[in-house]
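Enquirer: Input: one structure, supplied below.
There are 2 protein chains.
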Amino acid sequence: MAGKRADARRNEETLLDAAAAVFVADGVEAPVRDIAAKAGVGMGTIYRHFPTRADLIIAVYRHQVEACAQAGPALLESCATAYAALGRWINLFVDFLVTKHGLAAVLRGDQAGFEALHAYFLDRLVPVCAQLLDAAAAAGQIRSDVEALTLMRGVGNLCIGAEHDVRYDARKMVEVLIAGLRPQP
Amino acid sequence: MAGKRADARRNEETLLDAAAAVFVADGVEAPVRDIAAKAGVGMGTIYRHFPTRADLIIAVYRHQVEACAQAGPALLESCATAYAALGRWINLFVDFLVTKHGLAAVLRGDQAGFEALHAYFLDRLVPVCAQLLDAAAAAGQIRSDVEALTLMRGVGNLCIGAEHDVRYDARKMVEVLIAGLRPQP
DNA sequence: TTGCCAATCGGAACATCGCTCCGTATGTTT
DNA sequence: AAACATACGGAGCGATGTTCCGATTGGCAA
């Protein structure tokens, strides 16, 4: 960040703003050309700053992902039970995903070119989820045979397409999924 | 089907076989050109028989979807409880999805060009699911505030990407989801 | 059997992607 | 102010879904 030319720094800022605006308007899968046009720069400029679309998406949402990650331990502290903390943390994650058009869809592991995005989300959030999961399991509040990575991907998948069909209630499915974690009778 | 020329009928058959083979080998998102090449026909031939990729996918899997739909009432008959029938039927659906590379991903409602596929699956399977769901709810075996369409889409979403990452256990997530349907204490 | 014509076919061509490449422009430094 | 490294713009590439139209061919009438 230090040895960068002034115009380069300015362009990076402009690009982040333009990308954020386009993502809100057209969703995360908006063409790179649209973002370049909105920012008033050429294609080359985007790709020099963000080697792949995934890197741009990561940069735009980094702050919110960090906030979500840091909320984990805080909730564990402030909630009555570990299970309650887990539920509220998952809700934070779901709120984040469903308000970003198409982000959940692009977070999937099976789409080529988005490995970096997938890896970033998982690297950052799975340990947090694991901590909450372990605490709840240790207290006997949930079954103990569910991996944090599987749960995170399951929740992410449930959020796919939530914004395109009012008949599909992603939040309710996540609620049911979390309820299903309780020890079986 | 009646007034069709012999070569047209033959090509349609050839195309279905080729598509099925390519789907097994490369997944449902395989390029149309590959399917045309495998079948030994031109691009135009594919699009005359199947106006869109979705129509081809529907045609290839129609039999299996029908079988799944018809298994619903049968399970309701043969299982001890409606909840058990629901669980086993969902498992049939999951088995179907996870063995077809990428089919779950393409079944999503948010992807342009696949509305026909999405609609077909939902039209055919949601009523079956609703019947099982209603029976279980009427018997007090599950909560009664979950719509069949939401459940079907949730299960479909949970199956996305199951084949690309052994660490993600889609079947377990579905199992947890179904467990979460039980009345809450 | 032959000849015709509509049904069918093949694949080039088009639009749209993500991404790369390189000649040009510009900021920094001396 | 000159020179050089850095950064920029956008044409271009390869891939993909889809359309279009001239060439081909099956099936029927004569």
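Protein sequences appear in the order of chains A and B.
All residue numbers for the first sequence refer to this note's numbering, where the first residue is 1 and numbers rise by one.
All residue numbers for the second sequence refer to this note's numbering, where the first residue is 1001 and numbers rise by one.
Built from N, CA and C at the ideal position, the CB exists for glycine as well.
Here the structure is a predicted model, which means the values were calculated and not measured.
#1: Along chain B, which residues have their Cβ under 9 angstroms away from the Cβ of K194 of chain A?
#2: Could you list which residues in chain A have their beta carbon closer than 7 angstroms to that of Q1184 of chain B, in chain order?
#3: Give, in chain order, every unbroken run of the alpha helix (DSSP H) that is at least 4 residues long and sits entirely within the segment 52-115 of chain A.
#4: Candidates A:L75, A:T81, A:I90, A:G161: which alpha carbon is nearest A138 of chain A's?
#5: For the segment 1109-1116 of chain B against the segment 144-152 of chain A, are there 3 or more C-beta pairs whose distance is under 8 angstroms?
#6: Looking at V1065 of chain B and C1159 of chain B, is the spacing between their C-beta atoms short of 8 angstroms?
#7: Restricting to Cα atoms, I'd like to know which of B:E1147, B:H1101, B:V1176 is closest to G1161 of chain B.
#8: Considering only the alpha carbon of each residue, which of B:E1175, B:Q1184, B:R1143 lies closest to W1089 of chain B?
#9: So, helix, strand or coil for E1013 of chain B, using DSSP?
#10: Would you say G1044 of chain B lies against chain A (beta-carbon separation less than 8 angstroms)?
#11: For I160 of chain A, does the three-state DSSP call read helix, strand or coil?
#12: Using alpha carbons as the reference points, say which of A:R143, A:K172, A:G156, A:A148 lies closest to R182 of chain A.
#13: Cutting at 8 angstroms between CB atoms, please list the residues of its own chain near Q184 of chain A, excluding the five before and the five after it.
#14: Report the neighbours of I1160 of chain B on chain A: residues whose CB is nearer than 8 angstroms to its CB, in chain order.
#15: Can you give me the Cβ contacts of G1156 of chain B inside the same chain, cut-off strictly under 7 angstroms, excluding the 5 residues immediately before and after it?
#16: Note down, in chain order, every chain A residue with its Cβ under 8 angstroms from the Cβ of Y1083 of chain B.
#17: Quick one: using the 10 Å Cβ neighbour count with 16 as the cut-off for buried, is M1 of chain A buried or exposed?
#18: For the alpha helix (DSSP H) containing V1174 of chain B, list its first residue and its last residue.
#19: Report buried or exposed for H1063 of chain B, applying the criterion of at least 16 other Cβ atoms within 10 angstroms of its Cβ.
Expert: In terms of the structure at hand:
#1: The structure shown does not extend to residue 194 of chain A, since chain A is modelled only from 1 through 185, so no value can be given for it.
#2: A179
#3: 53-78, 82-98, 103-107
#4: A:T81
#5: no
#6: no
#7: B:H1101
#8: B:E1175
#9: helix
#10: no
#11: coil
#12: A:R143
#13: R143
#14: R108, D110, N157, I160
#15: L1097, A1104, L1107
#16: Within chain A, no residue comes near Y1083 of chain B; the closest Cβ sits about 12 angstroms away, beyond 8 angstroms.
#17: Residue confidence is low: M1 of chain A scores 46 on pLDDT, short of 50, so the model does not pin down where it sits. No coordinate-derived value is stated.
#18: 1170-1179
#19: exposed
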